[in-house]
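Okay, so the sequence shown: first residue is 45 according to this note's numbering, each after it adds one.
Inspection log for the structure reproduced underneath, given as structure tokens.
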Amino acid sequence: ESIDNVGDGQVYGVEFDLSTPLDFIGERRFNSQSDYVLNLGFTQDIPTWKMAFGATYREQGDAYSRVLAEEVVTSYGGDLEIFVEKQIASNIVVRFTGTNLLDSSKDEVFDKFGSVDDQISRDYDEYELETESSGPVYQLVMRVAF
């Protein structure tokens, strides 16, 4: 069932984003910005079964941050999300989603210094490693349109 003005059209598409350097304003990177971000995904509708499924993979490069007397490198693991959904009535959809299926983590390395001079000479005051991980998450959601 569709809205009256939609008809029986089908949608296909590809999206491509590109970021290019802005060297004309300088070569210093923004703090905490990754070298790259990669998102790959698809969604497949199966109208005869009133179902859809899809997957998304996300990966990004290391992010670097530097402030007075502290430098941080943040790394992220690849992330995989999948979903399957089924329309069980004209106004009800049930969706099962699995996120962080690769059990990725966020890892941070902190280089800390007592002063700017120590930072320049690489005379460390403190070195710290942090890792955060949540494990895979599974979710079952029912949507009802009124």
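Cβ atoms here follow ideal geometry from the backbone N, Cα and C, with glycine treated the same way.
On a predicted model such as this, the values are computed, not experimentally measured, just so you know.
Helix, strand or coil, according to DSSP, for V160 in the structure here?
Here V160 carries a helix assignment [DSSP, helix/strand/coil].
Local Cβ density within 10 Å of L84, reported as buried at 16 or more and exposed below that
The residue in question, L84, is exposed, as its Cβ has fewer than 16 Cβ neighbours within 10 Å.
May I ask you to check if the CB of L124 is nearer than 7 Å to at least one heavy atom of the ligand MN?
In the structure on display, the ligand MN does not appear, and there are no ligands present to speak of.
Under 6 Å Cβ to Cβ from Y101, same chain only, skipping five residues before and after it: list those, please.
So the list reads L84 and L124, once near-sequence residues are dropped.
Just to confirm my understanding: we take D169, look at its own chain, exclude 5 residues before and 5 after, and list those with CB closer than 8 Å. What are they?
Closer than 8 Å at Cβ, skipping near neighbours: A113, K156, F157, G158 and D162.
Give a yes or no on contact between the stretch 177-189 and the stretch 139-146, applying the rule of three or more CB pairs nearer than 8 Å.
In short, these stretches touch, since the Cβ pair count reaches three.
Let me know the secondary structure DSSP gives S177 once reduced to three states.
Here S177 carries a strand assignment [DSSP, helix/strand/coil].
Indicate the three-state DSSP secondary structure (helix, strand or coil) for T141 in the structure shown.
Looking at T141 - three-state DSSP - the assignment turns out to be strand.
In whole angstroms, what is the alpha-carbon distance linking E103 and G122?
A direct Cα-to-Cα measurement between E103 and G122 gives close to 5 Å.
Would A96 and F86 qualify as a contact pair, given that the criterion is a beta-carbon distance under 8 Å?
The Cβ-Cβ distance between A96 and F86 does not fall below 8 Å.
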